[in-house]
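Student: Residue numbers (the working numbering): 1450 to 1723.
In this text, a Cβ means the ideal position worked out from N, Cα and C, and glycines have one as well.
Nothing here was measured: the structure is a model prediction, and the numbers come from that model.
Before I ask anything, here is the structure I am working with.
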């Protein structure tokens, strides 16, 4: 990475850093201070916000110092699993509403979030004991035995779940109209909000895949020897920057698409009680 590119990324990352930290803290604060927003989906969004904060605070220091530790590996997994649970939850809530045993309740979602953290910690733990390869810019796990199963858990398996769940949801919302017909008794504005919510989750998911997916592809090619290390050295700074930015943008997606978050933000700014 050239000194000019390093300086440019360092400067460009600062607005994203502020947006990501402030935005994710506000997401947590809004849900915490608004009883009406204490729902299954919002609890999962808070968990995603915590994971994004971990990612931001772990990834940003590479601008100053080479780093890649257990926390950054865990945060990737937490985000991926949380997004997967969100997709499955929306799928069952909107397409399988009568299967109550498969629906997440407030009590179940708390146990689910605890399980996500336990699973994330245990799955990421082996990375502490593996060899790391220090390149010109970063320090990355250099073990095919860990990296490829980890990538399957974080990217490939969740991607299949995303395609299935959101594909069926989009089909039911916009083409077959089956979801809206099941909710014939609700008002049109609530049906519109339901569509916006699904699209918001889809955008958040695409944001994660677009941010982390290219990094996985390049690291996979590097581990298999399909591309030379000097090529990796030239692009890895940009890939880390993309992943860093993707963790900062989720609060912006909530703010622009969710009226509940917009109202909650106004109450915090104006110091109004819910």
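Name the residue from 1652, 1556, 1470 and 1718 whose alpha carbon lies nearest to the alpha carbon of residue 1505.
Tutor: 1470
Student: One question on the structure: do residue 1534 and residue 1565 come within less than 9 Å of each other, judged by their Cβ atoms?
Tutor: yes
Student: I need the straight-line Cα distance from residue 1689 to residue 1508, nearest angstrom please.
Tutor: 8 Å
Student: Given residue 1487, which residues of its chain have a CB within under 8 Å of its CB, disregarding the five upstream and five downstream residues?
Tutor: 1480 and 1555
Student: For residue 1686 and residue 1645, what's the separation of their Cα atoms in angstroms?
Tutor: 34 Å
Student: Pick from 1523, 1657, 1601 and 1618: whose alpha carbon is nearest that of residue 1700?
Tutor: When only C-alpha atoms are compared, the closest one is 1657.
Student: Alpha carbon to alpha carbon, how far is residue 1627 from residue 1461? Give it in angstroms, no decimals.
Tutor: 45 Å
Student: Do residue 1497 and residue 1610 have their beta-carbon atoms positioned less than 9 Å apart in this structure?
Tutor: no
Student: If you draw a straight line from the alpha carbon of residue 1617 to that of residue 1641, how long is it in whole angstroms?
Tutor: 17 Å
Student: Are residue 1490 and residue 1538 close, meaning C-beta to C-beta below 9 Å?
Tutor: yes
Student: Identify, in the order they occur along the chain, each residue of the same chain with its Cβ nearer than 7 Å to the Cβ of residue 1751, setting aside the five sequence neighbours on each side.
Tutor: No answer is possible for residue 1751: the residues shown for the chain start at 1450 and end at 1723.
Student: Smallest Cα separation from residue 1706: which of 1664, 1559 and 1650?
Tutor: 1650
Student: Do you know whose CA, among 1693, 1668 and 1697, lies nearest residue 1683's CA?
Tutor: Ranking the options by Cα distance to residue 1683, first place goes to 1668.
Student: With residue 1672 and residue 1596 assumed to form a contact (beta carbons below 8 Å), what rounded beta-carbon distance in angstroms separates them?
Tutor: Indeed they touch by this definition, with Cβ atoms about 6 Å apart.
Student: Hey, which unbroken runs of the alpha helix (DSSP H) at 4 residues or more fall wholly within the stretch 1672-1714?
Tutor: 1678-1706
Student: Can you tell me where the alpha helix (DSSP H) holding residue 1720 begins and where it ends?
Tutor: Taken as a continuous stretch (DSSP letters only), residue 1720 belongs to no alpha helix (DSSP H), as it is neither H nor E.
Student: With a Cβ-Cβ cutoff of 9 Å, do residue 1492 and residue 1559 count as a contact?
Tutor: The Cβ-Cβ distance between residue 1492 and residue 1559 falls below 9 Å.
Student: Smallest Cα separation from residue 1459: which of 1712, 1709 and 1691?
Tutor: Among 1712, 1709 and 1691, the Cα nearest to that of residue 1459 belongs to 1691.
Student: Considering just the uninterrupted stretch of the alpha helix (DSSP H) at residue 1598, what are its terminal residues?
Tutor: 1593-1600
Student: Would residue 1478 and residue 1717 qualify as a contact pair, given that the criterion is a beta-carbon distance under 9 Å?
Tutor: yes
Student: Output the distance between the C-alpha atoms of residue 1546 and residue 1540, rounded to the nearest integer angstrom.
Tutor: 9 Å
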